[in-house]
Amino acid sequence: MENHMKKAVFLVVLFLASVASPLMTYGSAQSPDDGMSVLHTAVNPSNNNTYHLLTASSWEDAASYARSLDGFLVTVDDEDENTWLFDTFASWDDQSRHLWTGLSDAASEGEYRWHDGTPFLYRNWGDAQPSEGGDEHFVHIASTNMGNIDPGSWNDLENDPQYFPVYGVVEIGPGADYALRFDGGSDHVVMDHNDDLDMTNMTHLELSAWIYPYHLESNQFIMMKGDYGWGMYLQGEHLAFSSEYSLSRHPVSNGTVEMNTWTHVQVNVVVGEGYTFHLNGEEAGVVSDDEATIPLGDFGSNDCFESGDACDELFLARMGAGCDCSHFEGVLDNITVRAGSNQADMDVRLHLDFPEGEGAETWDSTEAYMASIEGADWVMPDGSIVAQAVELFVGEGYELEYAAAGDTLLFFVEIEEYTRELYWYSYSLKFGESEEMTEYTVYAQTNEIPDEWNHDTASFGEWGFLYDAWSWPEVGVMWFTMVLDSDVEELYIELDADMADPPPTLDDMTELKESIPVTNQEVSFDSYNNGDVNMNFYYVNVTEPLADLRVRTYDGQGNVNIGISYYSPPEPTLWWEEPDDFDGGDSGKSDGTVAVMEAWSTGPGNEEEVHLFDVEPGLYYITAYSFRNARSFTIVADFVYPPENVDPDDAITLTPGVEYGLLSGYEGLMQYFKVEVPQGTERLVVDLSDGAGEASLFMRLDQAPTTATYDHHSTADGADDRIAFNDPTPGWWYILLTSESAFTGVNIVADFADRYVWDYDGTPLELYNDEPLEGISVGKGGEIFFFAMLDEPGNLFSIETSGGSGDIMLSIDGVQYELDFFEGGRQGPGFGIDVSTESFEMTSGKDGTNHKMTVESPMNGRIDITMTGLSDSEEIMLVARWDETELPIDPIEPGDEEEPDSVDTCVEATTEFFSDADANDDGVLDGRELDAVDISAEEMKAIDLNKDSSIEYREALQFACTCDVELEGVFDEFSVGRDEVSLLALEGHTWMNDYDFSLINVNDDDTIDRDELDLLVLVCETTYDAFDGDGDGVPDEKDAFPEDPTESKDTDGDGVGDNADIVASVSNDIIYASAGAVFLVLAGLLFGFLRTTKNQRDESDVWSDEDRMNEAMFGSDASNNYDKEPVDFDAAIIPESTVSIPEPVPLADANSGASSMDGLLGDDAPHPDLMGMMLDGIETVEYPTGSGVVWVRTSPDLPWEPKV
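Using the numbering used here, the first residue of the sequence shown is number 54, and each one after it goes up by one.
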């Protein structure tokens, strides 16, 4: 019995070891001496991996033997590998063999995982498998028919089946390789400080990592130690080393990395010599610096100082302890830190290769140090998530009992042929403890696992519910990645599908050949009938790729509708939900990635037209249908072949004034043209016409433009875009025609025209209701002012711009009203209305010229509109529209709103704004905080003075208190929507800059209007410095006394400013101690002198008379007792009788006479009897004490003079 128990324990231990993580070692691994051996070896040509066929054994024995061969039982990644394994090993040596794979759910029932740790994604189960009966936890590939299980498919078995042998297949390799993916917002990894991360006394440092960035914008930290310590990050597309606090002074590589590509990055630091960068093993820049250092990370930033935290951790994917900002967005792997006191003794201090594949912790390669994972996702090197995939079945529900916020779940469904529509339903009515409803996001993609960055569609579940649908999903596997934003309990998921009937035989349909009309068509009750719909079927056989497949009907009587699709003829069911006519929305792509396989045209009559774009070869089906009948109509299919000018070198030359077309296009298709502009051309016009859909134009001189790099671009909606500008530079102008959706039937023309000038003198232009103002031009950085006068309060006010070319921004400001209802009123019972008003400001987007802004509840009066040119913009149309409200609101008269007594200063307003925006109270706005306050790129550039992609409080304060911003902000607050502010209010306001309002008060009245304010804005000068708190001209970071305007330096470090110091370079403590010693010596000498010459006092005016010196210092009643209290020199040294001050005599080294000093002397000068100290051969004294005023003289017989 005891032997049986030991054997059972041994088998359990052996089983656990075989299914453990790939990085575990196997003490019980068998060797060839245990009876197992390799029967056959083969190399898979598709992946170049080596595979071994083992002798028959149990799954656990095969798994253990595989580890002894430095491999794992085989991981089957796809159908090709499954087929190769079956063909290579299942009948090797003319013997049929069932094959063990590495797939097992022994660790957790139903949760399959490959032996090497790879997530279970591809599957090839036999019919009704896995059966999961009893101990059937191990998967094999069937070599022969096993009932309903076909050869090559999978079946689950117990560990050691007795009814037939199973042979293990080993795949040689390192096993699963995991990495971490970071979202660029808050994800990061943090490791506590340890001795190996301490770089004290280190002279050599090497940092390296594999990175896969998703973008190359701003700063993205790969790692940083502590508080602004050593680290490595991306500065745009360049690699940089964190060498000190200021990012602008960091060394940066010459070479660049690429986004969405794995790159090995490395930086080497040698203290006192410089920095060397490597990208993918190649040197990418050397920065020589004899002050090169390895900062330890103990900077002492505000957050760390105020919190009291050590701030000495190592951070991955964020800036460090001093700033929760500059997060990395992408994937990181294999992070290594090496250091030493010289090149020879450098060793590995840390290596993280993320072997776990799951959980919220990761350990270094020595398993000595643990790091916490904050929000990052486990992924494979290709970016696919590491998660247990759950298969969903159409018409069957799945219930998820619980998952935590931040978890990523993976689902999939097999899409069958002729699936017209796939539907997703999910909901949860279970509340968490905080009573928050379930929120989650579902990313979907066909035949590839989606994620946040790579997906076909994204759906958002709110309040626990989510519904989505996919039209004509591609046959194969559709994957769903669910990311939980909150805890989930009892989430129910169900998929449903609408299946199309298989198409009729081609003999039952009419073929449409290219551009050959089929006439005299009729849809009637004799046609195919589906309930209330009569239908005819057609097909088109496309044999080569097309840019546009167009099918149209025309002529005849009645009303016909048409639809086109791939797979099978489209069959109308809910006709009132069908898409409208082609308007550019039915492009060849949906969400940028999925081809649209269906289009409809359902207008009145027989004039119908449908398009499919970016068409691949195959059969396409058309249904012509009617709810009554249609007679004698014609149907025709037209092909538009892919253009040949898709490369700039193949650009088509346009002849000025001659149209070129008809053109079709879709998202991703680029078509290039060019036109030669001769010398003296006044205006160049490029125009699109006659088409439908959405198109865009881009132009550039001498080079092909892109959608990101161009000299001019169009922004109009639709396919009638136009670019026109004066004085084109002579030469070849290249034109790019493309689309964000699709277009068809477009003609393009380039022409020359006379110069067009839109004259504007700076005077605001009045807009009238629903009267467009056309042809507006504004240069880059220019502004055009408009206004509208509303006679009555309105419901809505809107301003709209369109057409032309360039980029503009609109801003509106005015007054709107708000209604407050209350019970009762003038007539007794019922309700009453209180009307309150407030100023509003709105700003449009900044791309293109198509903008529309709407204001609800505008009050009567003036509404100001400003158009700002972000680039040279021309031929823009602007129109304002408004109405009058029927609500009982009395219009306000100018001046009805009372001017406030006071408003916030720019400092107060900024402090309040920053307090609201700084969610984590760290004194810095970054990441999501910046997104929440909606700061534009241009504003960010102006505010972010140190270019660290974040906004500090003083940076915001400096921007808000710049003179023009301060003036306009305060004026708007005082004006309450009016056009003027009282002079008294402005002059009584506490300004941070100096302004003289009398200079711009041109009409010399008691108010300042906006025109006068604009003059002051133009000439004002910013004197306020948010980085110089005491206003002494020295920045706070260099000011030893940032709150004392009289002091800025403390040379001797004694805490007393140089101006107040008796001697700037000598500590006052030393001076006072020396003075005390001298005092004691003199007191002793004086005491002895008094004893010997008690009755003999000769009057003398020389300073060396010790008796007089004693009297001058201590008074006539001087005591020998040392007194620590401050000496009152005025009371102590000035006799009761009036002292006559002799005329000042210039110092021996002065450059001029005493006349220049006369104003400084007089009663404020020290008494001539006051004794100083000898410094550098000159007697010196500070008087009055603590004033910082220093006096000098070269002889005790001379009066004191100010030190120059």
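We treat Cβ as the ideally placed atom computed from N, Cα and C, and that holds for glycine.
Counterpart residues of Asp-601 in DSSP-defined beta bridges = Phe-666 and Val-693
Among Gly-832, Leu-820, Asp-804 and Ser-792, which has the Cα closest to the Cα of Trp-53?
-> One cannot answer for residue 53 here, as it falls past the ends of the chain, which runs 54 to 1257.
Starting from Tyr-476, follow the beta strand (DSSP E) in both directions and report where the run begins and ends.
-> 472–480
By how many angstroms is the C-alpha of Leu-826 removed from the C-alpha of Tyr-451?
-> 59 Å
Note down, in chain order, each residue of its chain lying with its Cβ closer than 6 Å to the Cβ of Glu-567, except the 5 sequence neighbours on either side.
-> Phe-692
Could you give the distance in angstroms between the alpha-carbon of Ser-306 and the alpha-carbon of Gly-353?
-> 28 Å
For the segment 887–904 against the segment 954–968, are there 3 or more C-beta pairs whose distance is under 8 Å?
-> no
Near Trp-506, which residues of its chain fall below 7 Å by C-beta distance, leaving aside the five closest residues on each side in sequence?
-> Tyr-267
Roughly how many whole angstroms lie between the Cα atoms of Ile-841 and Gly-867?
-> Here the sequence assigns Ala to residue 841, which means Ile is not the residue at that position. Going from the Cα of Ala-841 to the Cα of Gly-867 covers about 10 Å.
Whole angstroms is fine: what's the gap from Trp-1244's alpha carbon to Glu-1100's?
-> 18 Å
So, is Ser-299 buried or exposed, given that buried needs 16 or more other C-beta atoms within 10 angstroms?
-> exposed
State the beta-bridge partners of Glu-452 as determined by DSSP.
-> Tyr-545
Beta-ladder partner(s) of Val-495, from DSSP = Ser-512 and Met-535
Over what stretch of residues does the beta strand (DSSP E) that includes Met-372 continue unbroken?
-> Unbroken run through Met-372: none, as it is neither H nor E.
For the ligand FAD, any of its heavy atoms closer than 7 Å to the Cβ of Phe-139?
-> Although the ligand FAD was asked about, the structure shown includes no ligands whatsoever.
Return yes when the Cβ of Arg-934 is within less than 8 Å of the Cβ of Asp-1057, no when it is not.
-> no
Taking all protein chains shown into account, do 16 or more other C-beta atoms lie within 10 angstroms of the C-beta of Gly-881, making it buried, or fewer, making it exposed?
-> With a pLDDT of 45 at Gly-881, under the threshold of 50, the modelled position of this residue cannot be trusted, and the question is left open.
Which residues mark the beginning and the end of the beta strand (DSSP E) in which Arg-775 is found?
-> 775–779
Indicate the three-state DSSP secondary structure (helix, strand or coil) for Arg-1246 in the structure shown.
-> strand
Measure how close the beta-carbons of Trp-532 and Gln-498 come, nearest whole angstrom, since I'm counting them as under 8 Å.
-> 6 Å
Start and end residues, alpha helix (DSSP H) containing Thr-963 = 959–970
Residues of its chain near Asn-102, where Cβ-Cβ distance is below 8 Å and the 5 sequence neighbours each way are ignored = Val-96, Glu-224, Ile-225 and Gly-226
Alpha-carbon to alpha-carbon, Leu-126 and Phe-407 | 22 Å
Cα-Cα separation, Asn-614 to Arg-605 = 10 Å
State the start and end residues of the unbroken beta strand (DSSP E) segment that holds Gly-327.
-> 327–332
Cutoff 7 Å; reference Val-447; Cβ partners in own chain excluding five residues on either side | Val-466, Leu-548, Asp-549 and Ala-550
Whole-Å CB distance - Asn-500 paired with Val-530, under 8 Å assumed = 6 Å
Compute the Euclidean distance between the alpha carbons of Leu-843 and Asp-743, then round it to the nearest angstrom.
-> 39 Å
Buried or exposed (CB count within 10 angstroms, at least 16 for buried), Lys-994 = exposed
Close-in-space but distant-in-sequence residues of the same chain around Leu-818 (CB under 8 Å, 5 per side omitted) = Leu-826, Ile-837, Phe-838, Phe-839 and Phe-840
Neighbourhood of Glu-454 by C-beta, 8 Å cutoff - its chain only, sequence neighbours within 5 removed = Glu-542 and Glu-543
Determine, using beta carbons only, whether Asp-979 and Ser-955 come nearer to each other than 8 Å.
-> no
By Cβ distance below 8 Å, which residues in the same chain neighbour Pro-764 in space, the five residues on each side in sequence not counted?
-> The sequence shown places Asp at residue 764, rather than the Pro named in the question. Cβ within range, chain order: Met-752, Arg-753, Leu-754 and Pro-758.
Is the segment 248–255 touching the segment 370–387 in the sense that three or more CB pairs, one from each, lie closer than 8 Å?
-> no
Kindly indicate which residue of Thr-316, Glu-335 and Pro-348 has the alpha-carbon position closest to the one of Val-322.
-> Pro-348
Which value, in whole angstroms, describes the spacing of the CA atoms of Val-443 and Thr-706?
-> 56 Å
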